[in-house]
Amino acid sequence: DGGITQSPKYLFRKEGQNVTLSCEQNLNHDAMYWYRQDPGQGLRLIYYSQIVNDFQKGDIAEGYSVSREKKESFPLTVTSAQKNPTAFYLCASSIILGRGNTEAFFGQGTRLTVV
Amino acid sequence: RKEVEQDPGPFNVPEGATVAFNCTYSNSASQSFFWYRQDCRKEPKLLMSVYSSGNEDGRFTAQLNRASQYISLLIRDSKLSDSATYLCAVNPPGYSTLTFGKGTMLLVSP
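First to last, the sequence lines map onto chains A and L. Quick note, the first sequence lines up with residues 817 to 931 if you use the numbering used here. Quick note, the second sequence lines up with residues 94 to 203 if you use the numbering used here.
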């Protein structure tokens, strides 16, 4: 089945540790995104990538890093510099249509808890 | 004015009712708009795309009002299974990203 796969579904991290969240898609989509969702908040954009080996910061990139070595993969690293990392992390991908229009489809999310 | 704003609700309606939500956006040059449905602790799922004046899919109708800068989602004949949070998303001009509202919660009761 085509889709977006995030792993793990649940992740626990000790304070001061870096952790990497996986996101893989087999939809042949060019663009991939990472969003963060906190209770009562909307989705906030962390990073996005429109092409392999290139990515841009979103609204809340501090404390996060990404790579895009393959079209199918866009892993997110939550570093120890991220002060409040406990959240629901959502990866998405899309085809970039004309004039920047896009329909984004999401993975099932990773729920990260710092203990 | 925030980029994308939604009434958080909750909207409590009985089964069979018609309910409508609005979503306002600040950038008048935005070209495309989307409604997503999100169930509790799940990922958002695309419900409808709106590129021109509106779109209809069964019981769901989305309308775009460019003059007043809002999009609406109308749900007719509400079902219990429609209970969810509905997220509005807007594609800012010149970007391939989406800006999301905080969502409107709908609760449909028997």
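We put the beta carbon where it would ideally sit given N, CA and C, even for glycine.
Contact test: residue i Cβ vs the ligand PLP heavy atom, cutoff 7 Å
{"i": "residue 200(L)", "result": "Of the ligands one can find in the structure shown there are none, so the ligand PLP has no counterpart to examine."}
Terminal residues of the beta strand (DSSP E) in which residue i lies
{"i": "residue 840(A)", "result": "835–841"}
{"i": "residue 138(L)", "result": "138–143"}
{"i": "residue 131(L)", "result": "125–131"}
{"i": "residue 926(A)", "result": "926–930"}
{"i": "residue 852(A)", "result": "847–853"}
{"i": "residue 829(A)", "result": "826–829"}
{"i": "residue 880(A)", "result": "880–882"}
{"i": "residue 179(L)", "result": "177–184"}
{"i": "residue 939(A)", "result": "Only positions 817 to 931 of chain A appear in the structure, and residue 939(A) is not among them; the question remains open."}
{"i": "residue 919(A)", "result": "918–922"}
{"i": "residue 859(A)", "result": "859–867"}
{"i": "residue 98(L)", "result": "97–99"}
{"i": "residue 893(A)", "result": "892–894"}
Bridge partner(s) assigned by DSSP for residue i
{"i": "residue 875(A)", "result": "Per DSSP, none; premise fails for residue 875(A)."}
{"i": "residue 147(L)", "result": "156(L)"}
{"i": "residue 822(A)", "result": "839(A)"}
{"i": "residue 168(L)", "result": "112(L), 153(L)"}
{"i": "residue 104(L)", "result": "199(L)"}
CA nearest to the CA of residue i, picked from the options
{"i": "residue 840(A)", "options": "829(A), 900(A), 931(A), 885(A)", "result": "885(A)"}
{"i": "residue 97(L)", "options": "183(L), 134(L), 179(L)", "result": "183(L)"}
{"i": "residue 892(A)", "options": "898(A), 880(A), 900(A), 901(A)", "result": "880(A)"}
{"i": "residue 888(A)", "options": "833(A), 928(A), 923(A)", "result": "923(A)"}
{"i": "residue 168(L)", "options": "155(L), 161(L), 178(L)", "result": "155(L)"}
{"i": "residue 127(L)", "options": "134(L), 145(L), 112(L), 121(L)", "result": "145(L)"}
{"i": "residue 139(L)", "options": "177(L), 99(L), 100(L)", "result": "177(L)"}
{"i": "residue 119(L)", "options": "189(L), 103(L), 199(L), 164(L)", "result": "164(L)"}
{"i": "residue 162(L)", "options": "121(L), 99(L), 100(L), 102(L)", "result": "121(L)"}
{"i": "residue 191(L)", "options": "844(A), 855(A), 862(A), 826(A)", "result": "862(A)"}
Close Cβ partners of residue i (< 8 Å) along its chain, the five nearest in sequence each way excluded
{"i": "residue 864(A)", "result": "847, 848, 849, 850, 871, 872, 874"}
{"i": "residue 108(L)", "result": "171, 172, 173, 201, 202, 203"}
{"i": "residue 834(A)", "result": "893, 894, 895, 896"}
{"i": "residue 147(L)", "result": "154, 155, 156, 157"}
Same chain only: Cβ atoms within 7 Å of residue i, ignoring 5 sequence neighbours per side
{"i": "residue 930(A)", "result": "829, 831, 901, 902"}
{"i": "residue 866(A)", "result": "846, 847, 912"}
Residues near residue i by beta carbon distance below 6 Å, same chain, minus five either side
{"i": "residue 137(L)", "result": "129, 131, 180"}
{"i": "residue 111(L)", "result": "169"}
Subject >> Near-chain A residues of the stretch 185–197 of chain L - C-beta to any C-beta below 9 Å >> reply: 185, 186, 187, 188, 189, 190, 191, 192, 193, 194, 195, 196
Subject >> Near-chain A residues of the stretch 151–180 of chain L - C-beta to any C-beta below 8 Å >> reply: 180
**OP:** With 7 Å as the limit, tell me which residues of the stretch 103–131 of chain L have their beta carbon closer than that to any beta carbon of chain A; keep them in chain order.
**Re:** 124, 125, 127
**OP:** Scan the stretch 135–149 of chain L for residues whose Cβ lies nearer than 9 Å to a Cβ of chain A and list them as they occur along the chain.
**Re:** 135, 136, 137, 138, 139, 142, 144
Original post:
Using a beta-carbon distance cut-off of less than 8 Å, what residues from the stretch 868–891 of chain A approach chain L?
Top reply: 874
Subject >> Where the stretch 909–928 of chain A meets chain L: residues whose CB sits under 9 Å from a CB there >> reply: 910, 912, 913, 915, 916, 917, 918, 919, 920, 921, 922, 923, 924, 925, 927
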